[in-house]
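Start counting the sequence shown at 245; every next residue gets the next number (the numbering used here). Input: a single structure, listed below in structure tokens.
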Amino acid sequence: MAAVFGRHAVKPSAALWICTAILAALFAAQPHLTKVTFIDEPPVPTSLPEQVGAWQGRRLVNCQAQDHDEPLFEDEVGPEGRCPICGGVVGPMTSTERYLLPPDTRIDKRIYRRRRDAAADAISAAIVFSGIHRASIHRPEVCLVGDGSTAEIIRTETRRIPLAKGQALGVSLLTVRQFGTGPDGKPVNRLSYFAYWFIGRGRETPSHVERLVWMGLERIRGRAYPWAYVSISAALRSEGDSAALRRLDEFARALHGALHALSSPGPVESASVP
């Protein structure tokens, strides 16, 4: 049945486009109609814990030199904050991240191991915090298979990891295949699990879309808070590696508990959102 606008009948498909255009215009105009205050009160600490359950973590930093731009362990960097290989300045972001992300983005990355020499059991973890601009966090799949990437996502699912008192942590779980070259020059494929979720003020979700909805509602009410994007990754020996999945579940459960057990650092600061 056609919708009626004034004296004119409009087909359902056209009515849908009109409604979509109106909603888009209202969403675009919202920042100009409502004064939004950014309250820098992170929902969890902005640094990953050194100890997560049985895992000990080492912080990763990146050399900022364009001809190097390689990850390093922070404890291997000299007191001057210089790369021990090329002498370049080091920082928490890669050169690509510094170029793409707003300057108030906060990132912490670590490699966790149960034993220092247990490379097979290593877990990579990162936490990213949005700032005044929402572009600090985007859909993770975009980065994994973006321009220049040598990876493909071969499976996506939502996984619920049991917590204490009958609760569960929802995470988006991706199985990723990375293409590379072995020491002999032959092509090799590496498999890994990549799990992520988002933490906001009083809520958590594995859904990028749900996070955007909550962020939009916060801004409509005139306030914006930092959101945290937490990601963890573990290598697989083969597709469907159940041991790696159990290890990922155990680490995610311990990390979730550690993040929420610690108080949020620093004073609350406010600024107007452009």
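The beta-carbon is built from N, C-alpha and C at its ideal position, and this holds for glycine as well.
The beta strand (DSSP E) spanning Glu401 covers which residue range? Where Glu401 is concerned, the enclosing beta strand (DSSP E) stretches over Ala395 to Pro406.
Segment limits, alpha helix (DSSP H) that includes Ser451: Run containing Ser451: none; DSSP gives neither H nor E here.
Going by C-alpha distance, which of Phe282, Trp471 and Gly297 is nearest Ser451? Considering only alpha carbons, the answer is Trp471.
Residue span of the beta strand (DSSP E) that contains Ala478, given as start and end: Its beta strand (DSSP E) spans residues Ala472 to Leu480.
If you reduce the DSSP assignment to three classes, tell me which class Asp493 lands in. In this structure, DSSP gives Asp493 a helical state, which the three-state scheme calls helix.
What first and last residue would you give for the beta strand (DSSP E) that runs through Pro384? Careful: Pro384 lies outside any beta strand (DSSP E), inside the alpha helix (DSSP H) at Pro384 to Leu388.
From Trp441, Gln422 and Val333, pick the residue whose C-alpha is nearest to that of Leu480; which is it? Residue Gln422 is the option with its Cα nearest to Leu480.
Taking the CB atoms as reference points, tell me whether Val415 and Thr425 lie closer together than 8 Å. No; because the gap between Cβ atoms is not below 8 Å, this pair is not in contact.
In angstroms with no decimal places, state the Cα-to-Cα distance between Thr290 and Lys279. Put simply, the backbone Cα of Thr290 is about 26 Å away from that of Lys279.
List the residues that DSSP assigns as beta-bridge partners of Trp441. Beta-bridge analysis with DSSP links Trp441 to Val474.
Using only CA atoms, which one of Pro347, Gly297 and Pro406 lies nearest to Ala505? Considering only alpha carbons, the answer is Gly297.
DSSP three-state label for Ile367, please. Here Ile367 carries a strand assignment [DSSP, helix/strand/coil].
Alpha carbon to alpha carbon, how far is Ser486 from His312? Give it in angstroms, no decimals. As the crow flies, the alpha-carbon of His312 is around 36 Å from that of Ser486.
Could you give the C-beta distance for Tyr440 and Pro384, rounded to a whole number, given that I count them as a contact under 8 Å? About 5 Å separates the Cβ atoms of Tyr440 and Pro384, confirming a contact at the 8 Å cut-off.
Considering Arg350, what are the terminal residues of the beta strand (DSSP E) in which it resides? Run containing Arg350: Arg350 to Arg357, per the beta strand (DSSP E) assignment.
Could you tell me the boundaries of the beta strand (DSSP E) in which Leu304 lies? Leu304 -> beta strand (DSSP E) spans Trp299 to Cys307.
Supposed contact pair Arg445 and Pro287 - C-beta distance, whole angstroms, cut 8 Å: Right, their Cβ atoms sit about 5 Å apart.
Ala379 burial status per 10 Å Cβ neighbour count (16 or more: buried): Flag for Ala379 reads exposed.
Checking the sheet assignment: what are the DSSP bridge partners for Leu417? Leu417 is bridged by DSSP to Glu401 and Ala439.
Taking Arg342 as the reference, which of Glu462, Lys409 and Val372 has the closest Cα? For the options Glu462, Lys409 and Val372, the alpha carbon positioned closest to that of Arg342 is the one of Val372.
So the candidates are Arg326, Phe495, Gln310 and Ala369; which of them puts its Cα closest to the Cα of Leu413? Closest in alpha carbon position to Leu413, among Arg326, Phe495, Gln310 and Ala369, is Phe495.
Kindly indicate which residue of Asp428, Phe442, Arg497 and Leu388 has the alpha-carbon position closest to the one of Val420. The option with the nearest alpha carbon to Val420 is Leu388.
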